[in-house]
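The block underneath contains the structure these notes are about, expressed in structure tokens.
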Amino acid sequence: MEYIALGTGMLVILAGLWAIMTRKNLIRIIIGFSLFDTGIHLVLVAISYVKGGTAPILDSTVCIQDAAQRIVDPVPQALVLTAIVIGLGVTALMLAFAMKMHKEKGTLDIRSFKDLKW
Amino acid sequence: MNYLLITSIFTGVIILVFTFIAIYQKNMVAAIISTGAVGLFASLMYLVLAAPDVAMTEAAIGSGLSTFIFFYVLNRIRSTDKKKSDSVKNDQL
Amino acid sequence: MKNIFTLMILVAFGIMIYPLVNSFKGNDKLPELGNYYAQPENVTKVNSANLVTAVVVTYRGLDTLGEVSILFLTAAIIAFFLKKQTGKHEVRENSEIFTTAAKVLFPLMIILGVYIFMNGHLTPGGGFQGGAVIASAVILMLLAFPEVPVNQKLLSYMESISGIVFVGLAALGALIGFGYLDNAILPLGTFGKFLSAGAVPIIYSFVGLKVGAELSNILVEFKSVQSNE
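Residue numbers (the numbering used here), protein chains in the order written: chain W, 614 to 731; chain C, -5 to 87; chain H, 4 to 232.
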């Protein structure tokens, strides 16, 4: 099933990239960034999976001695944990910028922002 | 066929369908809700992949808080548009 | 025409990442770093039952510090961009059922968040999850009572104090312990009990308070610009 998660994650990454490059509405582009984030997290967690492994939490069923044989890799999970929270912060920042841009021009169309075009 | 494999196949298909809706749905509210649903089903996928910590974070943040921030911004933009009476235009892009 | 060009870029990107998908065989055993962290002598050195918590707080604690500062920076920039609106925002009156349920659920959700980040070293959960649950409780109150003002000063004080305590505990590890973010400055306790893993539950609780206060602050900022000009 890690293959399915990996394939889904890659397809979601490609879909997010497609949304970023072809949509014209600013909010739609930010949705694309959000999807891109989710896809990358799916790929990272899928790569960290070990066949037949359990969650990296040791208790009475998974004792300390045979932990190394039974758990999945905890390191990518810890990194994805922080990455999700940062993703929320970055999404909120992009939305604040979009709000500001809409206030300046009165539209969300990306084609009407030509101030830095040359 | 074990149950985890079937669950992961279903979850993957649902994630891809909601991704498609989020990109191509004309109605912006439906697109934002689909983005939240992608996060929710991704958290189910994390649970299948034995990562309960990541699943909890994604369920609370990806499908809860970020959806609300999107809606606050959409509401604000609509209320500004309404005064200029060209509110329909932005939804159709 | 332009979409064809974009499609070509996407296809090139897909060809680029295809070998990664194709050569992925799945892991039969732990990679080297994860195997090192899962060895019994290294597990008892940290004494945290949840290995993800052990990695987040001690081994990769510096990353957590950087993450928390990125979040702080984001909240500061958003507060700078979204100017307060003074105008009155007329809102529809919420239904009786919703406001009553929000009043009942708010303390329970706060208690759930505190439980999640205090037991982060034993069960799935921790500072980030607990902080997100606390922010969800705050947004429930924001939706139920939109005209009640939020004490943002209290939120920012909570956030600054939590950040200072986090950095202070980490530096204390460097002074009397083994190194920066060492958790052995407190007794390690017995494995699997609530009082174990040294300073890990304390550090993670303050991370949880900080994340909860920061996310609530971002949400309150976004809510405060809703009023009509």
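Beta carbons: idealized from backbone N, C-alpha and C, even for Gly. Being a predicted model, the structure only gives us computed values, none of them experimental.
Excluding five sequence positions before and after H:N50, the CB atoms of its chain that fall closer than 6 Å to its own CB belong to L191, F194, S199, A200, given in chain order. Following the DSSP letters along the chain, one finds W:A680 inside the alpha helix (DSSP H) bounded by residues 680 to 683. For H:K213, the enclosing alpha helix (DSSP H) begins and ends at 203 to 227. CA-CA distance, W:S673 to C:P46, rounds to 18 Å. Against chain C, a Cβ distance below 8 Å from H:G128 picks out D47, M50. In the DSSP assignment, H:I18 falls within the unbroken alpha helix (DSSP H) covering 5 to 25.
Counting only Cβ-Cβ distances below 8 Å, C:V67 has contacts in chain H at F225, in chain order.
Given a length threshold of 4 residues, each whole run of the alpha helix (DSSP H) inside the region 21 to 70 of chain H is given here in chain order: 35 to 41, 43 to 49, 54 to 57. For H:E96, no alpha helix (DSSP H) segment is defined, and its DSSP state is neither H nor E. Under the DSSP assignment, W:T667 falls outside any alpha helix (DSSP H); it carries neither an H nor an E label. Taking C-beta atoms under 8 Å as the contact rule, W:V663 and H:L33 qualify, at a distance of about 6 Å. At least one C-beta of chain C is nearer than 8 Å to the C-beta of H:L218.
Note on H:K213: 16 or more other CB atoms within 10 angstroms of its CB, so buried under the neighbour-count rule. For W:N638, the three-state secondary structure derived from DSSP is strand. Here H:I142 really is in contact with C:L59; their C-beta atoms are around 7 Å apart, less than 8 Å.
In this chain, the alpha helix (DSSP H) harbouring C:L41 covers 22 to 42. Out of W:G719, W:T704, W:T621, the CA that lies nearest to the CA of W:L655 is found in W:T621.
Taking the Cα of H:F148 as reference, the smallest distance to any Cα among H:K106, H:P110, H:L115 is reached at H:K106.
Between C:I3 and W:L619, the alpha-carbon positions lie close to 12 Å from each other. Using beta-carbon distances, W:G702 counts as an interface residue toward chain H, with a partner under 8 Å.
C-alpha of W:Y616 to C-alpha of W:A659: approximately 7 Å in a straight line. With a 10 Å radius around the Cβ and a threshold of 16 neighbouring Cβ atoms, C:Y66 comes out buried. Exposure of C:R72 is indicated by the presence of fewer than 16 other C-beta atoms within 10 angstroms of its C-beta. In terms of Cα proximity to H:L76, the closest of W:Q682, W:L706, W:R636 is W:L706. DSSP places W:D722 within a strand segment (E or B) once states are collapsed to three. Classified as buried, H:R63 has 16 or more neighbouring CB atoms from the shown chains inside 10 Å of its CB.
Only residues of its own chain outside the window of five on either side were considered, and among them E224 have a CB closer than 6 Å to the CB of H:A82, listed in chain order. Boundaries cannot be given for H:G129, as no alpha helix (DSSP H) includes it and DSSP labels it neither H nor E. Spanning the alpha carbons of W:I643 and H:F181 requires a straight line of approximately 44 Å.
The alpha carbon of C:F64 has as its nearest neighbour, out of W:A628, W:S661, W:R641, W:L692, the alpha carbon of W:R641.
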